[in-house]
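Numbering (UniProt numbering), first residue to last: 1 to 197.
What follows is a short report on a single structure.
Here it is in structure tokens:
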């Protein structure tokens with residue numbers, strides 16, 4: 001379903017073709033994060049398509065980059081479209097922490113949390129991650145090994161409370177929260193499935 005209309009947020013350049021490997025340039029001082037009492041930021045470049053929650057079934061991509069600075073990151077993202085209340089979202093991808101690329105998962109309902117898993121790809125800096133939407137139950141987050149084995153990383157239980165008609169922005173992002181640097185994230189194998197297609 002990657003032939004659907006794609007849009008961007010915080011990305012001034014053209015939208016690259018998403019059916020082949022593509023790069024997303026990430027400027028410094030960009031992030032997607034929320035921490036009490038009042039720190040909320042959603043400045044990272046995002047490429048997304050919009051689909052109803054009841055239709056969305058899967059989002060998957062392989063992510064890699066020359067990760068260098070603390071918290072450099074890139075991955076997949078589902079953001080819930082809402083006219084009121086805090087912006088809710090789930091992201092998963094590769095994130096640099098203390099000099100080591102790791103697989104980071106963050107789910108934001110009221111505030112964001114964060115969990116980490118080792119990168120299982122042989123090069124130590126690439127990961128394939130996916131979201132599986134179980135409508136009315138949960139959003140499952142998986143890390144996919146080079147052999148195709150799926151490692152469950154997170155069950156996002158609050159997802160079950162979403163209305164079936166809720167609009168979702170489904171896609172990829174990159175962030176470089178530090179003052180220095182910036183990076184270019186490469187995405188491949190981007191797959192979005194809706195209504196089982």
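Every residue gets a Cβ at the ideal spot worked out from N, C-alpha and C, and that includes glycine.
Check                                                                                                                                                                                            : Outcome
Comparing alpha-carbon positions, which option in 150, 137, 153 lies nearest residue 159?                                                                                                        : 137
Would residue 45 and residue 58 qualify as a contact pair, given that the criterion is a beta-carbon distance under 7 Å?                                                                         : no
Using a Cβ-Cβ cut-off of 8 Å (strictly less than) and excluding sequence neighbours within five positions of residue 118, which residues of its own chain qualify?                               : 102, 103
Quick check on residue 104: does DSSP put it in helix, strand or coil?                                                                                                                           : strand
Residue ranges of each beta strand (DSSP E) run of no fewer than 3 residues wholly in the UniProt region "Disordered" (1-21), ordered along the chain?                                           : 7-9
May I ask you to report which of helix, strand or coil DSSP gives residue 161?                                                                                                                   : helix
Just the C-alpha distance for residue 1 and residue 190, rounded to the nearest angstrom, thanks.                                                                                                : Because the pLDDT at residue 1 is just 49, under 50, the model does not fix this residue reliably, and the value given afterwards should be weighed accordingly. One C-alpha to the other measures close to 10 Å.
Sorted by chain position, which residues of the same chain lie with C-beta nearer than 8 Å to residue 41's C-beta, five sequence neighbours on each side aside?                                  : 31, 32, 33, 34
Once you ignore the five residues that flank residue 175 on each side, which residues in its own chain have a CB closer than 7 Å to its CB?                                                      : 26, 30, 31, 32, 44, 73
Residue 157 and residue 56: beta carbons closer than 7 Å?                                                                                                                                        : no
Over what stretch of residues does the beta strand (DSSP E) that includes residue 129 continue unbroken?                                                                                         : 127-134
So, are the CB atoms of residue 48 and residue 82 less than 7 Å apart?                                                                                                                           : no
Identify, in the order they occur along the chain, each residue of the same chain with its Cβ nearer than 8 Å to the Cβ of residue 168, setting aside the five sequence neighbours on each side. : 50, 51, 52, 53, 56, 78, 79, 80, 81
Does the beta-carbon distance from residue 22 to residue 131 come in below 7 Å?                                                                                                                  : no
Give the DSSP-derived three-state secondary structure of residue 57 in the structure shown.                                                                                                      : strand
Quick one: Cα of residue 97 to Cα of residue 10, how far?                                                                                                                                        : 24 Å
Determine which residues share a DSSP beta bridge with residue 156 and list them.                                                                                                                : 139
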